[in-house]
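Peer 1: This structure is in C-alpha cells; I'll ask about it shortly.
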Amino acid sequence: MINLVPSQKMNEVKASINNLAKGMLRPIARKYDENEHEYPKELDMFRSIKIMGGGKKKKKEGEEPKKDEKPAAKKLGTNLSTVISIEEMCWGDAGLLLSLPNAGLGNAAIAAVATEEQHERFGNKWAAMAITEPGSGSDSGSITATAVLDGDEWVLNGEKIFVTCADRCDVVVVWATIDKKAGKAGIKSFIVEKDREGFKLEKLEHKLGIRASDTGTFVLSDCRIPKNNLLGSAEVKSATEGFKGVMKTFDNTRPLVASMALGIARAAIDFTREKIEESGIKLDYTKNPNNISSLEKEFYLLEANLDAMRLLTWRAAWMADNQEFNNLEASMSKAKAGRYGTLITQKCCELLGPLGFTQEYLAEKWMRDSKIMDIFEGTGQIQHLIVARNVLEFSSKQLR
Amino acid sequence: MEEREFSFGLSEEQRTMKETVARLIKDVVADNAHDMDEKKAIPADFIQKVWELGATISVIPEDFGGYGMDYSPIMNAIILEELAYGDMALAVASTLPSMFLYPILEMGTDDQKKKYLPLYCDATFKPCTIAINEPRFRFDPVSMETKAEKKGGSYVINGKKCFVPMAKDAGHMLVAADVSGKPSLFIVAKDNPGVKLGEREKNLGIYALESYPVTFENCEVPAADMLGGDNGCNFEAFLQKTRTGLCAIGTGVSRASFEYARDYSKERVQFGEPIASRQSVAFMIAEMAYEVDGMRLLTWKAASMLEAGMDAKRESYLAKLFAGDMTMKITDYGVQVLGGHGYVRDHPVERFYRNGRGIAILEGMATV
Ligand SMILES: Cc1cc2nc3c(=O)[nH]c(=O)nc-3n(C[C@H](O)[C@H](O)[C@H](O)COP(=O)(O)OP(=O)(O)OC[C@H]3O[C@@H](n4cnc5c(N)ncnc54)[C@H](O)[C@@H]3O)c2cc1C
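So the protein lines, in turn, are chains A and B.
The first sequence begins at 1 in this note's numbering and counts up one residue at a time.
The second sequence begins at 1001 in this note's numbering and counts up one residue at a time.
Here it is, written out as C-alpha cells:
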C-alpha cells in the first residue's frame, strides 16, 4: 500500500547520520576544500562505521533472490537506508563522503561479484574503480586498456584517468579488455594492488569542487597481477552478458549519486532558508504564489524540486530493496537529481546575493561540489538516454 | 496505531481500483474527449458511469446513505489521476460532489451532515458545486474579497465568484467567503434569491465543463449553514486536500500528454527515421517521463500525510506549485514534440496544453 510518510526507523537513521555529519564533516568541510590532496585524517574513525551500505554477503551458488521477501514495516532495506544516510553525509560534505575509507566504488564492485577467496583477500581493502580512459568516457564499452594472460599472471597495459580515491586507496578495480574482437563481452575487471610493479599513480587532478576527494591518473605498463585477481569469472560470455552485469551495478549506484546531489542541494536550501528567515520573511506555505515575493516563490520551487528528487531517489532504492528491476527508475533519479542539484545550488547562491559568492560561507562550495553529480556515474545526458530508451522501448541502435 | 510500512507499491486494492477506473475511462472516454471538447459538453451518461464507481459516496457513513468505507486520500489521488488522464473536464465534473460533500463530512456539524449528505448519496449523479475562485487580479484563497457578515441569526454574503462548475444544475454550493478576516465556507442553496448566475463562461481550457460566474448580492444564509457551525471550519485543512486533488489531476493530464507524445514520436518519420531516434526529441520524452513521476510522488506524499492525519500544509503547497509549473512544461513539450500537428485540434496535445494551465491557476476544483 502506498505510504510515503517516512517510518520512525527512517527518521532515526536520518537523525543519527545527520548528527555525525554535523559534528564530523561540516566543521572540516572548508579545510579540505582549501587543502586539496591532503588526506582528511579525521575520517579514520569511519573505518569502523559502515555508511555506504556495503558488507553485502555474496550470494550462495544457485540461490535465487526471494521475491516475496519484502522488508517489514520496522525493518529498513539496505538501499533505502543507504540513500538516506548518504543524503545526510553529503549535507555535511560530499567530498569527504567520497573519501570515506574502504567505501570506494571498487568496494561496491567487489562486494557484488567477488569470489569467496577474493572476499577474503580484498574485503577489507580500500578499493577504487578505474574505468575511464583519456579516449573513453561515457562510452565505457570502448576502453582500450588490455589484459593478456601470461602463464599464471595477467599483464595489464593502458592509462586510467579520473580515478576517485586514487591516492588513498589500497587496490584499484581496473577495467581492461581480454579480447578486443569480443567487444564489450571482452571487458573484465581486475584487482590491482597499488604496490604492483608497472602500476603508477601519475598525477592528481585540481578540480572545480569535491576537492576533499582525490582524483588521479594511473598508468599501467606491463603490470603483472596474479591470475586470480580477475574479479569474478574469467570466461568471455557469448553475448554482452558480462558487461551487462557490470552495468547492472550502476542501477544500484546511481541512486547513491542522486542522494549525494540531494544532500548538497539540501545543505544549500537549509542555509538559504535560515538567511531568508533571519531577514524577517516568514515562509508559511499558504499564500497564492502570485502574492508573494519572487524570492519566496523561487525558494518554494527549489524546495518542491528537492522533494521530487528525493522521492524519485527513494523509489529507485526501495525497488532495489524489494528485488524489483529498477534500471529506468535509477536513471530517472540521477537525471533529475544531477540536473536539479546543480540548478538548486546555483539558485541558492543567487538568492543569497553576496553571501552566495563569498568563501566565508559554504554556499559557493556547494555550487561547485554539486556539479560533479551530473557528470560521474553516467552524465545527465547518458541518464536521459537510458530513460528515453526505456520509455520508448528503443534499442541503443534505434536511439544513439 | 500500528505504523504503516513505508512503500512505493500499490496494494491489491489500490491496483484494482486504478485498473477499474482506467478501464472505465477507456470504455467511456476513448475517442470522445475530443468531441466533448468541441461540443463543449459532457454527456450525462458519462458522468453517471463514473458516479456508479461509487468512489465519492463510498466513504460516507451508512447512516447518511453512503457505504461507510475507509476514507483514503491516496486512493482518491489514484482515482483522480486516472480520470484526468482520460479527460480533465470529466474528472472535475464527476467528482464535483466530493468537493461539496467531503468538507461537510469532515468539518460539518451533525445537523449539517444529517441534512445535506443524504441529499447527494444517490444512485444518480446529482450536481452540487463549490464557489471559491474570484474574477480578479491576485486572487488568493486565503484572503477573499467575498465577505460574509453576521446579521442576527444569519450571514449575509456579498461578492463575486467565477469558475463555478455546473452551477446551473447544482442544488447546493459550498461558498468560500471571508468572515472578519477568516476564510470560511457556507452551504448555500442554489435557489437562494441572493445567488445570481451569469452567462456560461468561455475559458481557455476544459471546454466540456460548464462553468458560471456567480454573484452574491446580500445573499442571506442561516447561521446554521456556516460549515462547522459557530466556530467555522478548518479552511487550511480544506485547502490541503483540494490542492493535493489538483496535483493528482495535473499528473493525469501530464501523463496523457507524455504518453501521446511518446507514441507519436516513435511513429513519426522525418529524415528517414522516427523523430524519437533524435536525442533532442528523445530527451524531452525522458524529461516528461520523470517529471510526471515526480509530480505523482509529490502528490502521493501529501496524500500519505493526509491519510496519516498529519498536517500536510507544506507538502500540499509545494506539490501544487510543482504540479502547476510542471504540467505547463510537460504539456508544452507535448505540443512541441508533435510540431505543427500538435497545434491543430486533431491531436489531443493542444487540449492538454490548454487544460493544463488550470492546475496552477485554479483552486478548489478537486479534493482527495
Ligand atoms: C571528479 C571525478 C571523479 C571521477 N571518478 C571516477 C572513478 O572513480 N572511476 C572512473 O572510472 N571514472 C571516474 N570519473 C570519470 C567520469 O565517470 C567521466 O568523466 C564521465 O563518465 C564522462 O566521461 P567524459 O568525461 O569522458 O565525457 P565525454 O564522454 O567525453 O562526454 C562529454 C559530453 O558529451 C556528452 N555525451 C557523450 N556521449 C553522449 C551521447 N551518446 N549522447 C549525448 N551526449 C553524450 C556527455 O554527456 C558530456 O556532456 C570521474 C570524473 C570526475 C570528474
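Just so it is clear, CB atoms sit at the ideal spot from N, CA and C, and this is done for glycine as well.
1. Establish whether the CB of Thr286/A and some CB of chain B are separated by less than 8 Å.
2. Can Thr1331/B and Cys1247/B be called in contact, C-beta distance under 8 Å?
3. Using Cβ-Cβ distances below 9 Å, what residues of the stretch 1134-1167 of chain B are close to chain A?
4. Would Thr313/A pass as a contact of Pro255/A if the rule is Cβ separation under 8 Å?
5. Compare the Cα-Cα distances from Arg400/A to each of Val1281/B, Thr1016/B and Glu1038/B and report the closest residue.
6. Would you identify the three-state DSSP class for Gly151/A, choosing helix, strand or coil?
7. Would DSSP call Met129/A helix, strand or coil?
8. Which residues in the same chain as Asp321/A place their Cβ atom closer than 7 Å to its Cβ, once the five residues preceding and following it in sequence are excluded?
9. Scan the stretch 10-22 of chain A for residues whose Cβ lies nearer than 7 Å to a Cβ of chain B and list them as they occur along the chain.
10. In or out: Phe1137/B buried (at least 16 other Cβ within 10 Å) or exposed?
11. Would you please verify whether the beta carbon of Asp1070/B is less than 8 Å from any beta carbon of chain A?
12. Kindly indicate the opening and closing residues of the beta strand (DSSP E) around Thr215/A.
13. Give the DSSP-derived three-state secondary structure of His1034/B in the structure shown.
14. Could you work out which residues of chain A lie near Lys1313/B, taking near to mean beta carbons separated by less than 9 Å?
15. Would you tell me roughly how many angstroms separate the C-alpha atoms of Tyr1067/B and Thr1367/B, rounded to the nearest one?
16. Can you tell me the Cβ-Cβ gap for Ser1011/B and Met1/A, rounded? I've got them flagged as a contact below 8 Å.
17. Which whole-angstrom value is the C-beta distance of Arg211/A and Tyr32/A, which I expect to be below 8 Å?
18. Which of helix, strand or coil does DSSP assign to Gly1159/B?
19. Any idea which residues DSSP pairs Phe190/A with across the strands?
20. Which residues, in order along the stretch 335-354 of chain A, keep a beta-carbon less than 7 Å from a beta-carbon of chain B?
21. Give the secondary structure of Asn3/A by DSSP, where H, G and I count as helix, E and B as strand, and everything else as coil.
22. Do we get a CB-CB distance below 8 Å when we pair Gly1294/B with the residues of chain A?
23. My output table needs one value for His384/A: the three-state DSSP class, helix, strand or coil.
24. Between the alpha carbons of Thr1016/B and Phe1235/B, how many angstroms are there, rounded?
25. Exposed or buried, what is His206/A when buried is set at 16 or more other beta-carbons lying within 10 Å of its beta-carbon?
26. Below 7 Å, is the gap between the Cβ of Ile131/A and the nearest heavy atom of ligand 1?
27. Going by beta-carbon coordinates alone, are Ile86/A and Gly263/A separated by less than 8 Å?
28. Among all the DSSP beta bridges, which residues are the ones paired with Tyr1212/B?
29. Would you mind telling me which residues of chain B sit closer than 7 Å to Ser7/A, beta carbon to beta carbon, in chain order?
30. Given a limit of 9 Å on CB to CB distance, which residues of the stretch 1014-1043 of chain B reach chain A?
31. By Cβ distance below 7 Å, which residues in the same chain neighbour Val1142/B in space, the five residues on each side in sequence not counted?
32. Between Thr379/A and ligand 3, is there a pair consisting of the residue's CB and a ligand heavy atom that are separated by less than 7 Å?
Peer 2: According to the data block:
1. yes
2. no
3. Phe1137, Arg1138, Phe1139, Asp1140, Pro1141, Val1142 and Ser1143
4. yes
5. Val1281/B
6. coil
7. strand
8. Pro71, Gly77, Thr78, Asn79 and Leu80
9. Met10
10. exposed
11. no
12. Thr215 to Pro226
13. helix
14. Asp284, Tyr285 and Thr286
15. 19 Å
16. 4 Å
17. 7 Å
18. strand
19. Val174/A and Leu230/A
20. Ala335 and Lys336
21. strand
22. yes
23. helix
24. 33 Å
25. exposed
26. yes
27. yes
28. Val1164/B
29. Glu1003 and Phe1006
30. Gln1014
31. Pro1183
32. In terms of ligand content, the structure shown lacks ligand 3 and carries ligand 1 instead.
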